[in-house]
Amino acid sequence: MLLAMFVAGTTDLFSQSMNKRTEETPQSVIANVHKAAQLLKEKGSEALAVLTDPKSEFNDRDAYLFIIDVDKSLVVSNPRFPERTGGNIREHLDWSGKHYGVELCEVAMRGGGWIEFVWPKPGTEKGVRKVSYIYPIPGMRYTVCAGIYNDSMTLDELNALTGHGKKNVFDKPSAEPGSSGLCRGEKRCKKLKVAVIFEVTPTAEGKADYFKMGAALKEELQRMPGFISVERFASVNNEGKFLSLSFWESEEAAAGWRNQVNHRQSQKAGHDKLFDSYRISVGEIVREYTDRKRGAAPADSNEYLGVD
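Note that the sequence shown covers residues 257 to 564 in our numbering.
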């Protein structure tokens with residue numbers, strides 16, 4: 257009898273241990289989202305059978321997934337709240353009345369990141385801070401999201417974990433291997449500004465549509481975090497060839513625009529039918545000065561010109 261009680265007690269403790277959820281962290285949220293995204297990249301829509309299953313490894317946890325189609329404002333999947341599947345994500349309100357679904361879509365269109373909103377913990381009726389990580393999959397209609405309750409990290413700190421947001425410093429004693437090394441020896445080193453050079457020769461039939469797409473995206477481009485400026489030039493040596501030159505605060509900022517949903521669709525249209533040829537070059541700005549601001553100019557140039 258004592259042996260039976262011991263075995264029963266041990267089994268009960270083991271069962272409780274197995275059922276106890278692992279405490280979620282921002283890092284575990286990111287890992288779950290990226291694992292799901294990889295599965296979608298490999299299997300496409302076939303992966304939804306697993307990702308929408310509330311009992312799968314992706315959803316039998318606090319940081320469960322929900323998947324949206326930003327272009328259609330559509331909730332593709334929400335296994336924890338299946339009644340929301342098929343609904344309009346932009347209509348969703350948090351407990352403070354904020355349209356967090358609208359903000360979610362805007363962040364997705366900028367290439368992803370974190371949002372915060374007010375939501376009650378399960379079994380309670382008091383709204384507290386919840387944060388969600390949003391990852392739009394490049395080249396696909398799916399954006400994968402997951403969230404946790406967290407009141408210890410700011411959005412800037414969360415975005416720094418995934419390379420999003422406006423943080424333009426990294427805390428390392430020297431520049432990364434392979435970088436320009438301009439910041440070597442400094443404890444906090446600014447990331448270098450980036451130039452994206454897009455050379456393109458549209459087809460005769462696609463030229464007008466190319467310019468229309470550019471005009472339609474201009475407002476969204478100017479709202480992107482880290483965007484500085486953009487210019488377009490026509491070649492004097494190669495008729496029909498154009499160059500778009502944009503400057504960004506960092507490579508991460510430029511990547512945000514590359515992964516912006518509407519920009520991705522324009523890229524595909526250009527690649528598939530509008531462009532005869534194109535070339536994209538991305539480079540770090542290692543030196544920049546003007547006729548008046550010459551602090552970064554080479555000493556020999558200043559000496560030759562007779563300026564300080």
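Quick reminder that beta carbons are idealized off the backbone N, C-alpha and C, glycines included.
Notebook entry, point to check: Which residues in the same chain have their Cβ closer than 7 Å to the Cβ of Asp350, if we skip the five residues on either side of it in sequence?
Noted result: Translated into the one-based positions of the sequence shown, residue 350 becomes position 94. So the qualifying residues of the chain are Tyr356, Phe373, Val374, Trp375.
Margin query: I need the boundaries of the alpha helix (DSSP H) containing Arg514, first residue and last residue.
Written below: Numbered from its first residue, the sequence shown carries residue 514 at position 258. Note, Arg514: alpha helix (DSSP H), 507-514.
Notebook entry, point to check: What whole-angstrom Cβ distance do Pro392 and Ala364 have, given they're in contact under 8 Å?
Noted result: For the purposes of this step, residue 392 is identified with residue 136 of the sequence shown, where counting begins at 1. For the purposes of this step, residue 364 is identified with residue 108 of the sequence shown, where counting begins at 1. Right, their Cβ atoms sit about 5 Å apart.
Notebook entry, point to check: Is there contact between the segment 515-525 and the segment 464-473, where contact requires at least three CB pairs shorter than 8 Å?
Noted result: yes
Notebook entry, point to check: Is Asp325 helix, strand or coil when you go by DSSP?
Noted result: For the purposes of this step, residue 325 is taken as residue 69 along the sequence shown, with counting starting at 1. In the structure shown, Asp325 adopts extended strand secondary structure according to DSSP, grouped into three states.
Checklist line | Same chain, Cβ closer than 7 Å to Ser284, five either side skipped, listed in chain order | finding: Here residue 284 corresponds to residue number 28 of the sequence shown, with the count starting at 1. Excluding sequence neighbours, Ser284 sits near Ala319.
Note to self: Determine whether the beta carbon atoms of Tyr398 and Ile323 lie at a separation below 8 Å.
What the structure shows: Position 142 of the sequence shown holds residue 398. Position 67 of the sequence shown holds residue 323. Yes, Cβ-Cβ distance for Tyr398 and Ile323 is below 8 Å.
Checklist line | When Phe337, Thr341, Cys401 are compared against Gly368, the one with the closest alpha-carbon | finding: Counting from one through the sequence shown, the residue named residue 368 turns up at place 112. Checking every option, the nearest Cα to that of Gly368 belongs to Cys401.
Item checked: Distance, Gly512 Cα to Asp309 Cα -> Position 53 of the sequence shown, counting from 1, holds the residue named residue 309. Position 256 of the sequence shown, counting from 1, holds the residue named residue 512. One C-alpha to the other measures close to 30 Å.
Checklist line | Reference Tyr545; option with closest CA among Pro554, Gly539, Ser537 | finding: If you number the sequence shown from 1, residue 545 lands on position 289. Nearest option by C-alpha distance: Pro554.
Next item on the list: Taking Gln521 as the reference, give the member of Met396, Asn493, Glu475 with the closest Cα.
Entry: Within the sequence shown, numbered from 1, the residue matching residue 521 stands at position 265. Comparing Cα positions, the closest option is Met396.
Notebook entry, point to check: Taking C-alpha atoms, which residue in Glu461, Leu321, Phe483 lies nearest to Tyr335?
Noted result: The residue you call residue 335 lines up with position 79 of the sequence shown. The residue asked about is misnamed: residue 335 is Pro in this sequence, not Tyr. Comparing Cα-Cα distances from Pro335 to each of Glu461, Leu321, Phe483, the minimum goes to Leu321.
Check: Apart from the five residues just before and just after Arg340, which ones in its own chain have a Cβ nearer than 6 Å to its Cβ?
Finding: Residue mapping note: residue 340 aligns to position 84 of the sequence shown, counting from 1. For Arg340, where only same-chain residues beyond five positions count, the Cβ hits under 6 Å are Val331, Asn334.
Check: Near Met409, what residues of its chain come up, given a Cβ to Cβ distance below 7 Å and the 5 sequence neighbours on each side ignored?
Finding: Here residue 409 refers to the residue found at position 153 of the sequence shown. Pro282, listed in sequence order.
Next item on the list: With DSSP as the reference, please indicate the residues paired to Asn494 in a beta bridge.
Entry: Position 238 of the sequence shown, counted from the start, is the residue given in the question as residue 494. None; Asn494 has no bridge partner.
Note to self: Once the 5 residues before and after Ala305 are set aside, which same chain residues still bring their CB inside 7 Å of it?
What the structure shows: The count along the sequence shown starts at 1 and reaches residue 305 at position 49. Cβ within range, chain order: n/a, list empty.
Notebook entry, point to check: Near Arg543, what residues of its chain come up, given a Cβ to Cβ distance below 6 Å and the 5 sequence neighbours on each side ignored?
Noted result: Position 287 of the sequence shown, counted from the start, is the residue given in the question as residue 543. Excluding positions up to five away in sequence, the list reads Ala552.
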